[in-house]
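Line by line, the protein sequences give chains A and B. So the first sequence is numbered by UniProt numbering: it starts at 1 and just counts up by one. So the second sequence is numbered by UniProt numbering: it starts at 1 and just counts up by one. Everything on this sheet refers to the single structure shown next.
There are 2 protein chains.
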Amino acid sequence: MKNKYVEIYHKLVKDIQKGEYAAGGTLPSEHDLCARFETSRETIRKALTLLSQNGYIQKVRGKGSVVLDRDKFEFPVSGLTSFKELSERLGQSFQTHVHELTLVKEAEVCRQLNCQEGSHLWKVVRSREIGGERIILDKDFLRQDLVHDLTKDIAETSLYHYIENELGLDISFAKKEIVVEPVTVEDEEFLDLNGHDQVVVIRSYVYLGDTTAFQFTESRHRPDKFQFVDFARRTKV
Amino acid sequence: MKNKYVEIYHKLVKDIQKGEYAAGGTLPSEHDLCARFETSRETIRKALTLLSQNGYIQKVRGKGSVVLDRDKFEFPVSGLTSFKELSERLGQSFQTHVHELTLVKEAEVCRQLNCQEGSHLWKVVRSREIGGERIILDKDFLRQDLVHDLTKDIAETSLYHYIENELGLDISFAKKEIVVEPVTVEDEEFLDLNGHDQVVVIRSYVYLGDTTAFQFTESRHRPDKFQFVDFARRTKV
DNA sequence: TTGCAAAACATGTATATACAAATTATAATC
DNA sequence: GATTATAATTTGTATATACATGTTTTGCAA
């Protein structure tokens, strides 16, 4: 919260969520916002661009910044939201079981993360219990040269919080793949499959701000409890 | 192709795809690009912002614009790409079967699209055949007041091309949901399910640039042929 | 040669101006 | 009153400048 335009963005997000600006209506004009926040138009425009990218508004030339109806959007799994953030937003009771927390040498994963073939990786296997059912199985591989120490306690609470806030690593972007695959013996052991013979698999390669790949995650979901919601802008060809 | 920064963006995308700039290396500095394209730094920065948003580069302060490795990204289903664009990019033989093309009045869909309760909607049901197998079932609802005429020929080739290029409608953004559901009798009729009893369902609400909702699409995929690839930047909270 | 400080370089933020283009409000005319 | 022309409003693009902040290179000194 130090950049002016990010601050303005957050303030406007809060106002929209409070219902200060009704969906379908418009925000104050850029000129008005300049006066209100005592700043230049370009700074306001940067804040509005952020709002637009995250699906809060649609800018219409000559009219203004139309507020979009985010109610139907439900929760966005998109954008690298962690399990903890997610379940907190859903307001459901949740629990994490740590099944494995070891240092391994997996050549294939190393190759994918562009790190030394023989270097150590943290392997973390966790199941996620929501409403009394274990419905998500997370397998994480993290570069040990970047995350030196890892405890069961950290794995149980929030890995992302530890990495970002304690270690100060700058998680920046990820490429993500969603497919459906048959269940494995591991799925059967750690999940309450409830008769399902397939799971939704989300594989993510997570990168830091300096473009070093540092984490590979495989998140396996029971199909009936899986939902992915996305807001996408069409990039003109 | 009229805006300077969009033109520069496309030129740089082409150069990256040609391998002009190797993954892991950097683009020329903003200062250099200014000279090269004979423009101001802000204009260059707008082009670079587009590259960053679409996963081509990562800007690192003090270093430069690092080119990302998009090879592993495979095809992005994200960002509202149509079936035709998709299969063309995959280079596979494909075929579209039109099963229904009618004008209907569906109150529920009307409500979702914020249009008059009794207004007419185009209902289009199509199956998609790739490599000899019918693996996708698309059900589209379009507002007839915006898309007056629709023919079987258009539905067979490309709806998006017709809407954008022929009608000149400005498709701007969509909210999209991915879930897994049991197969319906319709799925069994129009798809080669190959024993599968569940399908991946993508529901999309598509909006125009002036924020009018005009299309609802339900795309039902056979699980083993489904893949969703995404590039996501972490929005700092 | 090594180590450190300074300079040069690269991107990030904030501000200002000018004009273009689309929409809306106003005024004038029939 | 309805239509049309004009003006005001609002967002989009392009350019320019100043300074901040992080990285790399250079050069001086021990």
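Don't be surprised by glycine CBs; every beta carbon is placed ideally from N, CA and C. In this text the structure is predicted, and so the values were computed from the model without any measurement.
The segment 160-178 of chain A and the segment 20-40 of chain B do not touch, with fewer than 3 CB-CB distances between them shorter than 8 angstroms.
Look at the segment 77-163 of chain B and you find these whole runs of beta strand (DSSP E), each 3 residues long or longer: 94-104, 121-130, 133-143. Under the three-state reduction of DSSP, Q215/A is assigned to strand. When the five nearest sequence neighbours on each side are left out, the beta carbons in the same chain lying within less than 6 angstroms of the beta carbon of K139/B are those of V125, E218, in order along the chain. Inter-residue distance for N194/B and V200/B is about 14 angstroms (C-alpha atoms, whole angstroms).
One Cα belongs to K152/A, the other to V98/A, and the distance between them is close to 7 angstroms.
Taking C-beta separations shorter than 6 angstroms and ignoring five residues to either side along the sequence, the partners of I8/A in its chain run F37, A47, following chain order. Under DSSP, H221/A shares a beta bridge with I136/A, V200/A.
With respect to R234/A, I136/A sits apart: the two C-beta atoms are not nearer than 8 angstroms. Under the three-state reduction of DSSP, T26/B is assigned to strand.
Spanning the alpha carbons of Q227/B and T184/B requires a straight line of approximately 21 angstroms.
Contact with chain B is absent for A107/A, since none of that chain's Cβ atoms lies less than 8 angstroms from the residue's Cβ. Between E156/B and T96/B, the C-beta gap is smaller than 8 angstroms, which places the two residues in contact. Proximity to Q215/A across Y205/A, G209/A, R222/A, S93/A peaks at Y205/A, based on C-alpha coordinates.
Interface criterion met: the Cβ of S172/A is under 8 angstroms from a Cβ in chain B. Burial check for A22/B: the Cβ neighbour count within 10 Å stays below 16, so the residue is exposed.
E20/B and S65/B have their C-alpha atoms roughly 14 angstroms apart.
DSSP, reduced to helix, strand and coil, places R45/B within a helical segment of the structure shown. Residue-level contact by beta carbon holds for G209/A and chain B, with a gap shorter than 8 angstroms. The DSSP-derived three-state label of E188/B is helix. Taking the Cα positions, G62/A is about 16 angstroms away from D170/B. Per DSSP, reduced to three states, the secondary structure at L50/B is helical. Here G55/B is buried. Its C-beta has 16 or more other C-beta atoms within 10 Å.
Taking a 10 Å sphere around the C-beta of D145/A, we find fewer than 16 other C-beta atoms and assign the residue as exposed. For F173/B, the pairing in a beta bridge is given by DSSP as R233/A, Y207/B. The Cβ atoms of E100/A and K123/A sit closer than 8 angstroms to each other. In its chain, beyond the 5 residues on either side, Y56, V67 have a beta carbon closer than 7 angstroms to the beta carbon of I16/B. In the DSSP annotation of this structure, K2/B is not part of any alpha helix (DSSP H), being labelled neither H nor E.
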